[in-house]
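Scroll down for the structure; my scribbles are underneath it.
Residue numbers (the numbering used here): -8 to 277.
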């Protein structure tokens, strides 16, 4: 039986959608904090397990009878790392046979600007030290995140970011979820690390060109200095911690952290991942 944590989130639902199409619902369980948000999953026959990353006892109860657990990484909470540790501890104590984790595909974890990302590799180390059989999915930035970077009025304002000429091998979250599901359905737990990236890395110049082609409107990318970008975010009223994290993402992109390209996603999907222009067409509804 496979338990998917974060089951009502975007990635969790993407994983479960593929799992439900490939195996009987009584082989599947969904970990949720609010069962009301999982009514559609329950209607499909998927077992709903109520638990919270912060509540070890609830996690232990939720994992009874579970063979494999997919730990979908939590958000930016201050105690996010401890939350991950709790899931690992509960899996070990419940006798889970395989633990999978959604980590991040970054070129050099030791030189990251965005310290929020460091916890992924700390979680990986904790999993490896736990004695559990495991699978790690190192995911690139979701292509679905592009509107958050470009802003809602990108077709009129263009793109202004402090990402320099940095590139990202974007992949669609839906395709990552599909690939993860395929791996979970494999009977083995091969202590392997998969890099789920697109087949090509793209700069924001490429993103602007795709928007121009699809919209018929000229969209340009202007690399900004970090200080100017921070001033713009401050003027929009964003909290300092949010500004720090956004700038961290942009700096890491500028430094090439997100430009890793691997073939794992293509192999797990059995086809080429969506290209930038294919993804942008859907994401921006063009």
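Ideal placement from N, C-alpha and C gives every residue a C-beta, glycine not left out.
Cβ pair residue 11, residue 33 closer than 7 angstroms = Judged by their CB atoms, residue 11 and residue 33 are not nearer to each other than the 7 angstroms cut-off.
ask   = Which residues mark the beginning and the end of the alpha helix (DSSP H) in which residue 301 is found?
value = In the structure displayed, the chain extends from -8 to 277; residue 301 sits before or after that span and is not available.
inquiry  = Using C-beta distances below 6 angstroms, list every residue in its chain close to residue 191, excluding the 5 sequence neighbours before and after it, in chain order.
reply    = Within the same chain, no Cβ atom closer than 6 angstroms to the Cβ of residue 191 is found once the five residues on either side in sequence are excluded.
task = Tell whether a beta-carbon distance below 7 angstroms holds between residue 81 and residue 127.
result = no
ask   = Relative to the C-alpha of residue 118, which residue among 131, 252, 134 and 77 is closest?
value = 77
query = Exposed or buried, residue 69, counting other C-beta atoms within 10 Å across all chains shown (16 or more means buried)?
reply = Here residue 69 is exposed: its Cβ has fewer than 16 other Cβ atoms, across all protein chains shown, within 10 Å.
message = Just to confirm before moving on: does the CB-CB distance between residue 220 and residue 154 stay below 7 angstroms?
response = no
query = From residue 284 to residue 152, what does the alpha carbon distance come to, in whole angstroms?
reply = Not covered by the structure: residue 284. The range shown for the chain is -8 to 277.
request  = Measure how close the beta-carbons of residue 114 and residue 2 come, nearest whole angstrom, since I'm counting them as under 8 angstroms.
outcome  = That pair is no contact at about 16 angstroms.
request  = Just grab the DSSP bridge partners of residue 89 for me.
outcome  = 59 and 124
query = If you drop the 5 nearest sequence neighbours on each side, which residues of the same chain put their C-beta closer than 6 angstroms to that of residue 24?
reply = 43
inquiry  = Threshold first: 4 residues or longer. Then list the alpha helix (DSSP H) segments lying entirely within the region 231 to 259, N to C.
reply    = 231 to 245
ask   = Which partner residues does residue 150 have in the DSSP bridge list?
value = 212
key: Within the region 168 to 218, ranges of the alpha helix (DSSP H) (whole runs, at least 4 residues)   = Taken in chain order, the complete alpha helix (DSSP H) segments of 4 residues or longer contained in the region 168 to 218 are 195 to 206.
query = Quick one: Cα of residue 75 to Cα of residue 111, how far?
reply = 9 angstroms
request  = Starting from residue 49, trace the alpha helix (DSSP H) both ways and give me its first and last residue.
outcome  = Per DSSP, residue 49 belongs to the alpha helix (DSSP H) from 47 to 53.
query = Per DSSP, what kind of secondary structure is residue 262 in: helix, strand or coil?
reply = coil
query = Is the closest heavy atom of the ligand ATP to the C-beta of residue 248 under 6 angstroms?
reply = Absent from the structure shown: the ligand ATP. Ligands present: none.
inquiry  = From the DSSP secondary-structure annotation, give me the bridge partner or partners of residue 12.
reply    = The partner list for residue 12 (beta bridge, DSSP) is empty, contrary to what the question assumes.
task = For residue 133, name the three-state secondary structure that DSSP assigns.
result = strand
ask   = In this structure, does DSSP put residue 267 in helix, strand or coil?
value = helix
inquiry  = Once the 5 residues before and after residue 103 are set aside, which same chain residues still bring their CB inside 7 angstroms of it?
reply    = Apart from sequence neighbours up to five positions away, the residues of its chain that approach residue 103 with a beta-carbon distance below 7 angstroms are 97, 109, 243 and 248, ordered along the chain.
message = Between the alpha carbons of residue 72 and residue 204, how many angstroms are there, rounded?
response = Roughly 42 angstroms between the two C-alpha positions.
Residues that DSSP places opposite residue 162 in a beta bridge = 133
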